[in-house]
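To start, the structure under review is shown below, and the notes come after it.
2 protein chains.
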Amino acid sequence: MIGIFDSGLGGLTALRETARLLPGRDIVYFGDTGRVPYGTRSPETIVHYALQDMRFLCTEGVDIVLAACGTVSSTALCAIRGGFDLPVIGVVEGAVQAALRATKNGRIGVIATGATISSGAFAHAIAELSPRAAVTSVACPMLVPLVENGYIADDNPVTALVLADYLEPIRAAGCDTLILGCTHFPILTGAIARALPGVTLINSGAEAAKLLAAQVPPTQPDETGQIRYYVSDSVPGFARLASIFLGEPVETEVTRVEIERY
Amino acid sequence: MIGIFDSGLGGLTALRETARLLPGRDIVYFGDTGRVPYGTRSPETIVHYALQDMRFLCTEGVDIVLAACGTVSSTALCAIRGGFDLPVIGVVEGAVQAALRATKNGRIGVIATGATISSGAFAHAIAELSPRAAVTSVACPMLVPLVENGYIADDNPVTALVLADYLEPIRAAGCDTLILGCTHFPILTGAIARALPGVTLINSGAEAAKLLAAQVPPTQPDETGQIRYYVSDSVPGFARLASIFLGEPVETEVTRVEIERY
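So the sequence lines, in the order shown, correspond to chains P and E. Position 191, counted from 1, in the first sequence is what the working numbering calls 191; the numbers after and before it change by one each time, with no gaps. One gets the working numbering by counting positions in the second sequence from 1 and adding 262 to each.
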C-alpha cells in the first residue's frame, strides 16, 4: 500500500502521477486540510504535524510513503525517516536530479513556500550534486492562496502581477530551469510559463512519483488499484478543490480524520 | 483579567482598541498561529479550535473574553457561550449596531471570510434589528493572505485588483456602509476606502472592544495594565506580523502554547 500525504490537497498533483505510473496499486492519500498551510509555519510545528500525518498513514498499513509536500520534504524529512521504519520519498531529490539533467547553463531557479526556501533544502541538494550550479531561490507565499482560491487561469491578471514580482530575480539571474518546489505550483504552470518563456519547469511532485514508481514492483496494465482519500477538515470543500488538482471532476468518498489524536 | 483570542494575529486590531479604552486592565492575548486561518475551514473544525482556545484562556484566569475573530464570532459563539460560564463578546453585535447607526439609505455591505459569510451571522443580526435593511454579503478569502504577506499599502496594485472584484457587488448595490467582518481587514482600510469612496467602513474588532469596555469597570488614567501574548506556533514570525496589526514595532515577550492539548 502506498501512502501519500500533503499539508492539504496540492499533493494530489503527485497522486495523479503516481496513479498513472502504477495503476494497479492501492493508494491512501491524507491531506491535512484542517491545518493547511504548512509553508508559513515554523520548523517545529511542521515536524510535529508531519509526524502525526505519518502515524495516521501507518495505521492504514502503508509500506512506502511519498511526502508530497515541498514544505515537509525540505523541513521534516530527516525527522520522519528517523521515526519510521519504511521508505519515505520527498519531493526534493527527484526535482533536483531532473533540473540538473535539464539545465544547459547551470542556472537553476527554485520557487517554494517560505518554510521551504528558509530550509535551503533544494539549494543544498543541488550544491551536493553539482557544486558549480548557480541557484536562485525565491519564497512565494501568495501562490498557495491564489491556487486555493481559483486564480489559476493562464492569463489571470492578479496571478500575473504577483508572479511578475516573484519571478523577476529568476529572470534577472538568467535561469533556464525552474523547480516548482511546492506541489500546489504545477496548477500555475501556464501562468508561470507565460512569465518565463523558454524556461524549463520542473514539477517536483511528478518527479517524486517517478522515484517512488521505481521502488515499487510494476503492476499489470489491467489491474486497478483503489484510492482512499482522508482529510482532517470536514468534507464539503474537498470535491471543488480536489478537482482543481486532479484535473477532473472528483466523485469519490472521502473520510475525515481527527489528526491531532495521532 | 480580559482574554482576547483570534485564529491568528488579526485580533490584535481589537486588542489595540481595548488597551486604548482600558489602559489599566491586564489582558491575555492568544493567537492560534499554528492553525491560522480559520475562515477557510468547516464549522465543526472552527468550533473545535475555538473551544480549545477558550480552555487555554480560562487556565490564565480570564473573567471576560473577546472573540476577536469574525469567523469564530459568527460560527462558534453559541458553542462557546454554552460551554463557559463567563461573558464572551463577539465582533458581530457591535459592528451591526454601528452599521445601523451609520447607514442613511439602509443598504449595508458585509465582507468577511468564507466561513463567516456562509454562516449568515451578520445578515441575520442586521435583519433582527432592522428588517428593512438590505444586506449585500461578499466572501473575500484572499484578503487574509494579502494582509499577512504585506500587500497592505493603500495603492498596492495586487490588492486593488482583488478588491475591485470583491467590492463590485457592494458598489452595485449602492451600499453606503460596509462592515469589515474580519479582524484582518482594518489593515486594508485605506485600500478599501479607495475602492469605495464615500462609504462608511465599520471596524468590527474596534466596535467589539467598545462593547467590552462598557462591561468592565473603568480604570484610572494612571494605571498601566500588563499585556501577555501567547501563540500556538513558534515565535520568530510574531514580531513582524504583530507590528502590522498593532501599528507600531513590537518588542514584547511572547510564549508558545501547545493548543491541541487543551
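Positions of the beta carbon are idealized from the N, C-alpha and C atoms, including for glycine.
May I ask you to list the residues that DSSP assigns as paired with residue i?
i	result
alanine 67 of chain P	P/Phe5
serine 137 of chain P	P/Val110
isoleucine 227 of chain P	P/Ile27
isoleucine 351 of chain E	E/Leu328
Applying the 10 Å Cβ sphere with the 16-neighbour rule, what's the burial state of residue i?
i	result
proline 141 of chain P	buried
arginine 333 of chain P	Here chain P comprises residues numbered 1 to 262, so residue 333 of chain P is not present and cannot be evaluated.
arginine 303 of chain E	buried
threonine 224 of chain P	exposed
asparagine 105 of chain P	exposed
cysteine 78 of chain P	exposed
alanine 99 of chain P	buried
threonine 18 of chain P	buried
glycine 509 of chain E	exposed
threonine 252 of chain P	exposed
leucine 408 of chain E	buried
glutamate 148 of chain P	buried
alanine 213 of chain P	buried
aspartate 155 of chain P	exposed
glycine 94 of chain P	buried
leucine 450 of chain E	buried
glycine 90 of chain P	buried
aspartate 32 of chain P	buried
alanine 453 of chain E	buried
leucine 391 of chain E	exposed
How many angstroms separate the CA atom of residue i from the CA atom of residue j?
i	j	result
alanine 68 of chain P	histidine 184 of chain P	10 Å
leucine 51 of chain P	cysteine 58 of chain P	11 Å
leucine 458 of chain E	arginine 433 of chain E	7 Å
leucine 86 of chain P	leucine 328 of chain E	47 Å
proline 221 of chain P	leucine 21 of chain P	10 Å
alanine 164 of chain P	alanine 401 of chain E	26 Å
methionine 243 of chain P	isoleucine 489 of chain E	It should be noted that the sequence gives serine, not methionine, for residue 243 of chain P. C-alpha separation (whole angstroms): 45 Å.
isoleucine 2 of chain P	cysteine 175 of chain P	35 Å
alanine 134 of chain P	arginine 101 of chain P	14 Å
threonine 333 of chain E	alanine 468 of chain E	16 Å
lysine 472 of chain E	glycine 460 of chain E	24 Å
alanine 422 of chain E	tyrosine 151 of chain P	15 Å
alanine 383 of chain E	valine 309 of chain E	15 Å
alanine 127 of chain P	alanine 239 of chain P	40 Å
In chain order, what residues of the same chain lie with their CB nearer than 6 Å to the CB of residue i, ignoring the 5 residues before and after it?
i	result
phenylalanine 507 of chain E	Leu271, Leu274 and Thr275
serine 137 of chain P	Val110, Ile117 and Ala123
glycine 296 of chain E	Ser494 and Asp495
alanine 125 of chain P	Val92 and Val96
leucine 503 of chain E	Leu271
methionine 54 of chain P	Ile80 and Phe84
Under the three-state reduction of DSSP, which class applies to residue i: helix, strand or coil?
i	result
glycine 83 of chain P	helix
tyrosine 428 of chain E	helix
leucine 442 of chain E	strand
threonine 462 of chain E	strand
tyrosine 49 of chain P	helix
arginine 518 of chain E	strand
isoleucine 27 of chain P	strand
glutamate 251 of chain P	coil
valine 216 of chain P	coil
arginine 303 of chain E	coil
lysine 210 of chain P	helix
threonine 13 of chain P	helix
proline 221 of chain P	coil
arginine 101 of chain P	helix
methionine 54 of chain P	helix
arginine 20 of chain P	helix
glutamate 148 of chain P	helix
alanine 385 of chain E	helix
alanine 242 of chain P	helix
serine 335 of chain E	helix
proline 393 of chain E	coil
Please go through the same chain and pick out, in chain order, the residues whose beta-carbon is closer than 7 Å to the beta-carbon of residue i, but skip the five residues on each side of it.
i	result
leucine 180 of chain P	Ile111, Pro186, Leu201, Ile202, Asn203 and Ser204
phenylalanine 56 of chain P	Phe30, Val257, Ile259 and Tyr262
glutamate 306 of chain E	none
glycine 332 of chain P	The structure shown does not extend to residue 332 of chain P, since chain P is modelled only from 1 to 262, so the question has no answer here.
Give every residue of the same chain whose Cβ lies closer than 8 Å to the Cβ of residue i, excluding the five residues on either side of it in the sequence, and list them in chain order.
i	result
proline 285 of chain E	Thr481, Pro483, Glu485, Thr486 and Gly487
arginine 518 of chain E	Tyr492, Val493, Ser494, Asp495, Ser496 and Val497
isoleucine 27 of chain P	Met1, Ile2, Gly3, Ile4, Leu15, Thr18, Ala19, Gly225, Gln226, Ile227 and Arg228
glycine 376 of chain E	Gly301, Thr302, Ala401 and Pro403
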